Every structure is written in C-alpha cells, then in structure tokens.
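Chains as they are written, first to last, in the working numbering: chain C, 84 to 487; chain L, 15 to 263. Even for Gly, the Cβ is constructed at its ideal location relative to N, Cα and C. In this text the structure is predicted, and so the values were computed from the model without any measurement.
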Amino acid sequence: MTIKEKLTILSDSAKYDASCSSSGSKRKNTDGVGNAHLSGICHSFASDGRCISLLKILMTNVCIFDCKYCINRKSNNIKRAIFTPEEICEITINFYKRNYIEGLFLSSGIIKSADYTMELLIKTISLLRGKYHFNGYIHVKAIPGASNYLLKKLGSLVDRMSANIELPSNESLKLLAPDKNTDKISNIMQTIKDKRNRNFVPAGQSTQMIIGATKETDLDILSKSDAMYKKYELKRVFYSAYVPVNKDKMLPIVNMPPLTRENRLYQADWLLRFYGFKVNDILDSNNPNFNLLLDPKSDWALRHLNEFPKEINTASYYDLLKVPGIGVKSAKKIISNRRVFKIEFKDLKKMGISLKRAKYFILCNGVYFMNQSLFKENIIKNNLILESKEEIASGVKQLCMFNE
Amino acid sequence: MNKVYLYDGEFSSLLTLIMSLIQIKPKDVFIKSDGDFKPNLLDNPIYLNIENKEEKLKYINKNVSREVMHILYYVYLSNDENKENVMYYFLLNSFKYGKDILYHGDLNCVNKALKISKYVGNETHKLKGFLRFKKMKNNFYYAEVEPVNNVILLLAHHFKMRMPNEYFLIKDVKRKIYVMYDLKKLTILYEEDIKKLNIDVSNDEIYIEELWKEFFYTIAIKERENKKCQMNFMPKRYWNHMIEMEENL
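See the structure below:
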C-alpha cells in the first residue's frame, strides 16, 4: 500500500473528530523545528467550513472494539491500514515545514490491546519529539483501558491529550459502545487533571459528544458538559452532529446531521464558560430542548424581559453579558470606555459593537433606540426570529462555532 | 492649494514628521508618503526640514504606552488611504489624554486607529496559517503572498522563531518586496537585489503537495458541506497562493 493510500484511509476515518484546536500551548523552539502559538492557527478550511489546523489522522483504523456508530468498528468490512511511526513523522515534518499544518492530531483504533496501541503511539511521538526535534503542537487521543504509567508517559510528550466520552449517558454508551465503558474514560480524564502542569498536557484536555444518535435531551447533554467542566477542568467539550456511517438497528435514521442543534449547544456551552450562566438558566425540565429558532441567550432574555432594558452606562459586567449580541470583548470595551465618557447609541456603532440584537435590550443614557412603547415581548421576538432566519439562510454565521 | 506633507515611507520619518506638525499645528493636515503621492494641480507637496529627529522619537517613546506604539506601527503597515492622518490625530490625542486614549470610543481617530490596526493584526494572523512554502532545489523554502497590508516582515519574524534552522524567502508579489532569512537575521530585499531566483522546486515537492491535497479533500465531511462558511473564514483573495485551493479558482 502506498503512503498516499494509507493517508486517504487514515484521514478519512479520523475526520469525524470535531476537535481541531491548536491553542493553549506556549511550547518554545529549542533548536529544532516548530513552536506552538498560544492562540492557535488555522491553516486552511475544508469544504465543510471546518478549520484545518492539525494533520488529523489515525495511526491505524484496525480496531478490536465494535462501537455501533463508528466507521472503524471491527464488524465493518472496510479497507484497513496502519502507519509506521517513521511514516507519521515524515509526513508531519514535511507538512509542517511547508506551513500546511500547526502540528499533529493522532488518534488510533485499538490494535491487539489498549497497552499495545498506547506503546505504538508513545513510540511515534517520542520519535517526533526526539529524533525529528519537533516542537510544534501535538494532540493525542489516549486509548481507553490503557495502563496509567503509559498515560503518564504519553502526557509528558504532548500539548493536549484527551479521551472522547462520545455519548452523554452510561446507558447510551452501554448500548452503542459496549467495550468503551465510562470508567475507562473517567480514569483518563482524572489522571490528566491530577498530573497536569507546564510539562504535562500544557494545553489541557478536551472531549467530544455525538449529538442525535441517542435519546438524550439538550438538558442532559449540557448538564453532562457542565459536570465534566467542573470535575476534570476540561478546556473544551466538542459537539458533533451525528452523521450516520453505519446501518444498525440500534441507530436512529437521520437524513441530515442535526447541525442547528449542534450550534445551539456550542452557544450554550459558551454561556456556561464565559457568561456566568448556569445550566438551569438556559434549560430546565419543562424546557429540556433548545428553541431552534432563537439563540439560547435571546431565548433567555425574552423569558426575563422584566430585567431589561439594561443601561449601558451603569450595568455591571455580568449584566452586560446577559444582553443578546454583547459578548465578552464588547462588554469589556463598554466598561473601559464609559469611565472616560458617557456612551450614546452613535458611539456604540463607531466602537464596532454590533447592535443587531443588542439594541432591543439596552438604554444609552436613558434613551431607547425606538419608541419605548414598542419594548414588548412579541415585537422583539418577531424581529429576532426574522434576523435569525436571515442568518441561517445566508449559511455563514451559523454552524461555525467550532472554529472559535 | 492644499498643503501635502511628504515623507520617505519610513516609520521613523513619519513619526518625526507628525511630531513636527504637532508643534506647528497647521489648520489642515494631509500627510502622504512620497511613493504614494501623485503630483496634481490642487496639491502643493512640502518636505519639512525636520530637526532633532532622535529627540522627537525619544519624546514619543517616553510619553505614550507600548500599546499605543504598537497600534501606530500596525496602522503604518496598513493599506489605508488616510493612515497617516489617522496616526496624526491619534498621536495628538494620545499626548492629550494619556493612558485613557484607548478608551475614547467617542473620538473618530481612536476608533479608526483601533479598527485599522486590528485589521492588520487579523491579516497577519490569517497569513501565518495560509502562507505556503515550497521546498526549492538548493534546500531553501520559498513563499509568495499578496497581502492587502504590508505584513511580510511580521510574517517573517514568526517563521524565524518557528524554523530557525531553515533558509527561507518570502515575497510580497504586489509590493515586490522580499524578506530573506539566512539562519542568522532577516533582510529586506527589493526586485533589483534578486538577480536570478532559482525557482526549481525540490524533487519531492510535487509528491508532498499531492499528499497534502489528498488530505485536504479527504478530511471534509461531505454531509456537512458549507462552502459559504469556508469562504467566510478563508477569503478568496488568498486562494491563488494556496496549493489546495488552486483547483477551486
């Protein structure tokens, strides 16, 4: 088999992993090749709009597991391939020096045993860091069930190490990925959390959940994310709209991946991490799923209209963050600017703060942007839905959250 | 006739000219680099005789923050038609308002300076990803870029840190400027300095490019195709120097 054929097989089977991030590490160059860029760099964008930052490949798509949703499950009759450590290093270095990539994202099917696979991964990364003097970004997937001493060895070589939980509940995992139980994943996450420092997984860990393959509500999924962020100090949870690659009576039939739902989860995930929202502010047992017509913050704001409009010149940082359309950067800018002058509507525009959604929810110096008698739920709601529909139709802004 | 103050295109010359003008306080200020200025009937070009250049530069460095200097430099690198005037008013107000200058969103010059420098920073960041090197016969790496703003020196600094043991040459196609790295330092070169560029690629170049294109096309999930999103993040103007996009042009 040629290198090119191997690359086709082993990148094709790696593409369903949503993570592409190369941020969070400050690895320096020590007279070799490469360094890491703290904010990450996207080197290209594939035709699905996803950022290409790392050479995302499997070491092998041979696997002893039989996870129902996975293209590489052992019961599938597909072409199998395996890269040698040298081959992976050569491609990585050659791509890196031409500036195609920021580094390597290496995952693998489980060949022979978890420990055997893990040792091959360690051999590859050691070679890349050692003989090839590569100081660029490396993200590696830890193999569920591998021994802790191997986890610790691999973690000391890479910028990010992670394990995918894949499904939001134990029952679903049992149903669709019987070999991959939750304990194995939690053990990896706990070990990384406990050992993490400047020289061990400096860019932290992330995980991924498949959306729409099982019966969980958005509330279930978001609660799971929230719990994992708190318990394991994850940097990111990636959400991956279910794309059917296998036929199985356990799997649902879907025509289109649930991309809007995926987008809403990313938006809500942001609200949890940076905007001071709690899971129960966003969803609860009466409303366990997202409104697909409105982003979660607008939806929340309309349900709490009595807290609005907020005065731009006096509202606290977290109150500003509650305004739909105002993000972390805008809120900080407003706060630093209003110490120096009184902000009016025309200033916000000049400062580059988007008023598209925000205008309905704010006052500037006591002034509303239109007749204040129009500050009514149904009027605002209709306008927001109209704008949201236009955005979806344009196809640009939506569904691009995973790149940020 | 409108007075137009000219400078030689260098950052330090522009700063000293702006300092001189701040002292003279003319009624209207128009500044242009002599390379950009086109003689016409309405404009009266003026070269000021600037004294004490060193002192003027020291004064600026002492009286504005590093952040303000950074913004001034990035605006200077931009392609904005009025950049010199934006810099004039931005520096004038920086002296007036001190460290609060960056928070004066009520002043046009502040918003413009922030916007332009952000644009230059964004383009530099994008090109740190989108620039493509080719490996050449005699073992150096060569890239061509066509940035809107004059950012190849910033790019070269990035690659010098990243690949200190590789010779490389980056060309700004539109401006016809090159930055060369010789394992020690970066040098700016012009068309006349490059006598004969050997543009033969190394033997494995085509093969590696093929591998990269194969990876690029395989990694996309067909069920999620979204070319608008792709183009939004990777504007078309960068495509003709990215080997994986050539077929899409």
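- 8 Å Cβ cut-off: residues of chain C touching Trp226 (chain L): Phe178, Arg181, Tyr183
- Query: Closest by CA to Arg347 (chain C), which one among C:Asp301, C:Val326, C:Gly359?
  - Reply: Taking the Cα of Arg347 (chain C) as reference, the smallest distance to any Cα among C:Asp301, C:Val326, C:Gly359 is reached at C:Asp301.
- Per-residue burial, Thr138 (chain L) [other beta carbons within 10 Å of its own, 16 or more giving buried]: Under the 10 Å beta carbon count, Thr138 (chain L) is surrounded by 16 or more other beta carbons and is classified as buried.
- Message: So, for Ile468 (chain C): in the same chain, excluding its five sequence neighbours on each side, which residues have a beta-carbon less than 7 Å away from its beta-carbon?
- Response: Leu376, Leu377
- Query: Can you find a C-beta in chain C that's less than 8 Å from the C-beta of Arg238 (chain L)?
  - Reply: yes
- Query: Which of helix, strand or coil does DSSP assign to Val325 (chain C)?
  - Reply: The amino acid occupying residue 325 (chain C) in the given sequence is Tyr; Val does not appear at that position. It is coil, neither helix nor strand.
- 8 Å Cβ cut-off: residues of chain C touching Pro178 (chain L): Counting only Cβ-Cβ distances below 8 Å, Pro178 (chain L) has contacts in chain C at Asn112, Asp114, in chain order.
- Query: Which residues in the same chain have their Cβ closer than 6 Å to the Cβ of Ser102 (chain C), if we skip the five residues on either side of it in sequence?
  - Reply: Ser289, Phe321
- Task: Below 8 Å on the Cβ atoms is my guess for Ala286 (chain C) versus Ser122 (chain C); work out the distance and round it to an integer in Å.
- Result: That pair is no contact at about 11 Å.
- Item | is_contact[Phe485 (chain C), chain L] using C-beta, thresh 8 Å | Bear in mind that a pLDDT of 48 at Phe485 (chain C), under 50, signals an unreliable position, so the model cannot answer this.
- So with Cβ pairs under 8 Å, would you call Ala127 (chain L) a contact of chain C? no
- Query: So the beta strand (DSSP E) Arg243 (chain C) belongs to, where does it begin and stop?
  - Reply: 243–245
- Message: Please give me, in chain order, every unbroken run of the alpha helix (DSSP H) with length at least 4 that falls completely inside the segment 272–326 of chain C.
- Response: 301–315
- Message: Does chain L have any CB closer than 8 Å to the CB of Thr274 (chain C)?
- Response: no
- Residues that His118 (chain L) contacts on chain C, provided the C-beta gap is smaller than 8 Å: Asn420, Val423, Phe424
- Count the other C-beta atoms from every protein chain shown that fall within 10 angstroms of the C-beta of Val450 (chain C), then say buried if there are 16 or more, exposed otherwise. exposed
- Please work out which residues of its chain come closer than 7 Å, Cβ to Cβ, to Ser158 (chain C), disregarding the five sequence neighbours upstream and downstream, and give them in chain order. Asp149
- Test: Gln37 (chain L) CB closer than 8 Å to a CB of chain C: no
- Message: Less than 6 Å between C-beta atoms, sequence neighbours within five positions excluded: which residues of the same chain meet that for Asn246 (chain L)?
- Response: none
- Residue closest to Glu345 (chain C), alpha-carbon to alpha-carbon, out of C:Lys313, C:Ile304, C:Leu355: With distances taken between CA atoms, Glu345 (chain C) lies nearest to C:Ile304 out of C:Lys313, C:Ile304, C:Leu355.
- Item | Contact set for Met194 (chain L): own chain, Cβ-Cβ below 6 Å, skip 5 residues either direction | Leu183, Thr201, Leu203
- Among L:Asn66, L:Ile257, L:Trp253, which has the Cα closest to the Cα of Ile220 (chain L)? L:Ile257
- Looking at the unbroken alpha helix (DSSP H) that takes in Met101 (chain L), where does it start and where does it end? Taken as a continuous stretch (DSSP letters only), the alpha helix (DSSP H) holding Met101 (chain L) covers 97–111.
- The alpha helix (DSSP H) spanning Asp367 (chain C) covers which residue range? Where Asp367 (chain C) is concerned, there is no enclosing alpha helix (DSSP H), given that its DSSP letter is neither H nor E.
- Message: Between Met83 (chain L) and the ligand SAM, is there a pair consisting of the residue's CB and a ligand heavy atom that are separated by less than 7 Å?
- Response: As far as ligands go, the structure on display features none, and thus does not contain the ligand SAM.
- Whether Ala164 (chain C) touches Lys89 (chain C) by CB criterion (8 Å): Between Ala164 (chain C) and Lys89 (chain C), the CB-CB gap stays under 8 Å.
- First through last residue of the alpha helix (DSSP H) which encompasses Asn231 (chain L): A quick correction: the sequence has Tyr, not Asn, at residue 231 (chain L). Segment 219–232, the alpha helix (DSSP H) holding Tyr231 (chain L).
- Task: Answer yes or no: does any C-beta atom of chain C fall closer than 8 Å to that of Lys148 (chain L)?
- Result: yes
- Message: Among C:Asn270, C:Lys236, C:Ser96, C:Leu203, whose alpha-carbon lies nearest the alpha-carbon of Glu169 (chain C)?
- Response: C:Leu203
- Item | Cβ-based neighbour list, Ser131 (chain L), same chain, cut-off 7 Å, excluding 5 preceding and 5 following | Ile85, Tyr88, Val89
- Query: Is DSSP giving Glu394 (chain C) helix, strand or coil here?
  - Reply: Glu394 (chain C) falls in the strand class under three-state DSSP.
- Message: Taking the straight line between their C-alpha atoms, what separation do you get for Asn177 (chain C) and Lys442 (chain C)?
- Response: 50 Å
- Query: Does the segment 233–247 of chain C come close enough to the segment 277–284 of chain C to have 3 or more Cβ pairs within less than 8 Å?
  - Reply: yes
- Message: 8 Å is my cut-off, CB to CB: does Leu145 (chain L) come that close to chain C?
- Response: At least one CB atom of chain C sits nearer than 8 Å to the CB of Leu145 (chain L).
- Task: Kindly provide the ranges of any beta strand (DSSP E) runs that are 3 or more residues long and lie completely inside the segment 122–188 of chain C, ordered along the chain.
- Result: List check, beta strand (DSSP E) in window: 137–141.
- Kindly identify the DSSP beta-bridge partner or partners of Ile184 (chain L). L:Ala157, L:Val193
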